[in-house]
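The numbering of the sequence shown is our numbering, which starts it at 3 and goes up by one.
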Amino acid sequence: MADMAVPVEEMLHMNGGDGETSYANNSSIAKKVMMRVKPILEETINKMFCFNLPTCMKVADLGCSSGPNTLLAISNIVDIVNETSLRLKVEPPTFQFFLNDLFGNDFNAIFKSIPEFYHTRKPDTTCFINATPGTFYGILFPSNSIHFFHSSFSLHWLSQVPDLLSAEAKIADVDKGNIYVTSISPPSCAKQFKEDFTLFLRSRSQELVPGGGMLLTFIGRYDSSQNISPPGLFRIILNDMVLENLIEEADLVHFNMPIYFARADEVRGIIKEEGSFLVERLECIKTSWDGSSLDEAGCESFKDENERGEFAAKILRAVYEPLLKAHFGAGIMDELFFRFQKKTVQLLPKLVYPTLVISLTKIA
Ligand code: SAH
3 MADMAVPVEE MLHMNGGDGE TSYANNSSIA KKVMMRVKPI LEETINKMFC FNLPTCMKVA
63 DLGCSSGPNT LLAISNIVDI VNETSLRLKV EPPTFQFFLN DLFGNDFNAI FKSIPEFYHT
123 RKPDTTCFIN ATPGTFYGIL FPSNSIHFFH SSFSLHWLSQ VPDLLSAEAK IADVDKGNIY
183 VTSISPPSCA KQFKEDFTLF LRSRSQELVP GGGMLLTFIG RYDSSQNISP PGLFRIILND
243 MVLENLIEEA DLVHFNMPIY FARADEVRGI IKEEGSFLVE RLECIKTSWD GSSLDEAGCE
303 SFKDENERGE FAAKILRAVY EPLLKAHFGA GIMDELFFRF QKKTVQLLPK LVYPTLVISL
363 TKIA
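Printed below as a string of structure tokens:
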């Protein structure tokens with residue numbers, strides 16, 4: 003396979019449908035984080051609309067995927083805005099929601115769940131749901147047309163696979179068994195993230211109405227920690243599989259993931275440099291790979307360590323399998339994820355990542 007930049011829209015999607023390994027069935031980490039972020043969503047919306055509400059409120063969810071979280075995001079926003087309208091003693095607005103994801107997303111699965119959503123929300127809310135397929139790294143909507151953007155667990159995906167290292171350097175690394183395994187990403191990923199995130203901000207500022215805002219939640223990284231990231235753990239396992247001749251070395255050398263975990267200060271710097279948004283809030287929530295919160299009283303004790311590890315591995319399979327399958331073929335997926343699960347169980351206490359929660363308003 004050639005080592006060149008591959009646009010993500012041609013290859014990225016979560017596991018579709020509603021089967022055992024689907025994203026729909028394995029999106030509970032994102033759901034837990036979404037519930038923890040709800041008070042910040044509430045604060046952001048209340049601040050933006052403290053004096054009046056539009057008669058038709060246009061909201062877009064960017065990187066909506068397909069599954070229970072897609073309509074949960076909408077539902078949270080409707081509840082919050084309806085409370086705001088009660089407080090302001092005005093009629094609740096009509097809502098127009100735009101669900102955005104890449105072209106390969108399972109939009110049909112979302113469409114099928116919409117009647118149930120309409121049914122449970124009516125008659126108190128008038129809500130129109132539209133789909134807007136395409137990349138959020140670019141313009142998706144007319145200028146000055148959207149009041150609020152929401153994006154959860156999507157902006158760590160890059161627009162393309164950066165060329166990490168020369169093929170020679172990677173072969174040398176495979177030989178030494180020390181291919182890049184930590185959350186510390188090479189400079190080409192940081193550069194790609196900066197380009198992508200800048201384009202994202204520029205596009206959204208053009209599309210937002212004056213005074214509009216957004217709430218962004220995505221995976222980041224800590225400054226100095228050696229935390230292992232899921233792509234890092236896949237690399238360790240794939241490297242073992244090369245050494246056992248289960249995978250061609252050349253296949254591993256040419257494999258990169260279009261993903262980057264940025265530090266909070268890095269993100270703040272890019273927002274400042276781009277210049278269209280005011281940071282209302284930027285904070286980090288510590289999340290374990292199985293979604294349990296480490297900021298609250300320790301880990302949730304709903305399962306033992308083994309179960310938690312297995313659970314985390316299943317969730318990550320729904321996210322990473324399509325990319326790994328496209329590159330290495332379906333044949334090794336069960337073996338790869340069996341090993342991934344074993345390692346996840348062993349390493350679970352160390353498997354933590356910061357989730358960045360950022361509330362922004364457009365500078366007039
Ligand atoms: N918001 C959902 C889904 C998160 S999964 C939740 O919180 O559960 C991340 C989603 O982002 C995937 O569905 C992926 O296809 C989408 N995504 C990644 N890059 C994208 C891009 N450039 N444009 C639009 N969607 C993108």
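Idealized CB from N, CA, C, for every residue including glycine.
Exposed or buried, which one is residue i when buried takes at least 16 other CB atoms within 10 Å?
| i | result |
| --- | --- |
| residue 145 | exposed |
| residue 59 | buried |
| residue 348 | exposed |
| residue 158 | buried |
| residue 300 | With a pLDDT of only 43 at residue 300, under the threshold of 50, the placement of this residue in the model should not be trusted; the figure read from the coordinates follows. The residue in question, residue 300, is exposed, as its Cβ has fewer than 16 Cβ neighbours within 10 Å. |
| residue 89 | exposed |
| residue 93 | exposed |
| residue 102 | buried |
| residue 370 | The requested residue 370 is not part of the displayed model; the chain covers only 3 to 366. |
| residue 319 | buried |
| residue 258 | buried |
| residue 107 | buried |
| residue 212 | exposed |
| residue 206 | buried |
| residue 37 | exposed |
| residue 53 | exposed |
| residue 277 | exposed |
Measuring only the C-alpha atoms, how far is residue i from residue j?
| i | j | result |
| --- | --- | --- |
| residue 298 | residue 309 | Low confidence applies to residue 298: its pLDDT is 48, below 50, so where it sits in the model is not reliable, and the reading given next is rough at best. Taking the straight line joining both Cα atoms gives about 20 Å. |
| residue 238 | residue 343 | 13 Å |
| residue 175 | residue 341 | For residue 175, the pLDDT reaches just 46, beneath the cut-off of 50, and the residue's location in the model is therefore unreliable, although a value from the coordinates is still provided. Roughly 21 Å between the two C-alpha positions. |
| residue 359 | residue 275 | 19 Å |
| residue 350 | residue 291 | 7 Å |
| residue 281 | residue 353 | 29 Å |
| residue 337 | residue 236 | 12 Å |
| residue 355 | residue 34 | 14 Å |
| residue 184 | residue 113 | Unreliable positioning characterises residue 184 in this predicted model, as indicated by a pLDDT of 37, which lies under 50. A coordinate reading is not provided. |
| residue 127 | residue 148 | 19 Å |
| residue 328 | residue 335 | 10 Å |
| residue 156 | residue 56 | 27 Å |
| residue 365 | residue 313 | 42 Å |
| residue 288 | residue 45 | 20 Å |
| residue 130 | residue 100 | 9 Å |
| residue 332 | residue 243 | 15 Å |
| residue 339 | residue 70 | 24 Å |
| residue 119 | residue 104 | 23 Å |
| residue 190 | residue 83 | 41 Å |
| residue 96 | residue 234 | 45 Å |
| residue 123 | residue 135 | 25 Å |
| residue 197 | residue 255 | 25 Å |
| residue 215 | residue 209 | 11 Å |
| residue 246 | residue 323 | 21 Å |
| residue 270 | residue 217 | 14 Å |
| residue 240 | residue 194 | 24 Å |
Please confirm whether any heavy atom of the ligand SAH lies closer than 7 Å to the CB of residue i.
| i | result |
| --- | --- |
| residue 217 | no |
| residue 247 | no |
| residue 66 | yes |
| residue 155 | yes |
| residue 36 | yes |
| residue 71 | yes |
| residue 159 | yes |
| residue 48 | no |
| residue 373 | This structure cannot settle anything about residue 373, because the visible part of the chain is limited to 3 through 366. |
| residue 314 | no |
| residue 332 | no |
| residue 32 | yes |
| residue 104 | yes |
| residue 110 | no |
| residue 107 | yes |
Please report whether the beta-carbon of residue i lies at a distance below 8 Å from any beta-carbon of chain C.
| i | result |
| --- | --- |
| residue 270 | You won't find chain C in this structure, because it holds only one protein chain. |
Can at least three beta-carbon pairs, one atom from the stretch 259–278 and one from the stretch 214–222, be found at a separation below 8 Å?
-> Result yes; three or more Cβ-Cβ pairs closer than 8 Å.
Does the count of Cβ pairs from the stretch 150–162 and the stretch 247–256 closer than 8 Å reach three?
-> Judged by Cβ distances under 8 Å, the stretch 150–162 makes no contact with the stretch 247–256, as fewer than three pairs qualify.
Stretch pair the stretch 123–141 + the stretch 27–47: three plus CB contacts closer than 8 Å | At 8 Å Cβ cutoff, the stretches do not touch.
Cβ contact (3+ pairs, closer than 8 Å) linking the stretch 74–86 and the stretch 104–111 | Contact between the stretch 74–86 and the stretch 104–111 is absent, because fewer than three Cβ pairs lie under 8 Å.
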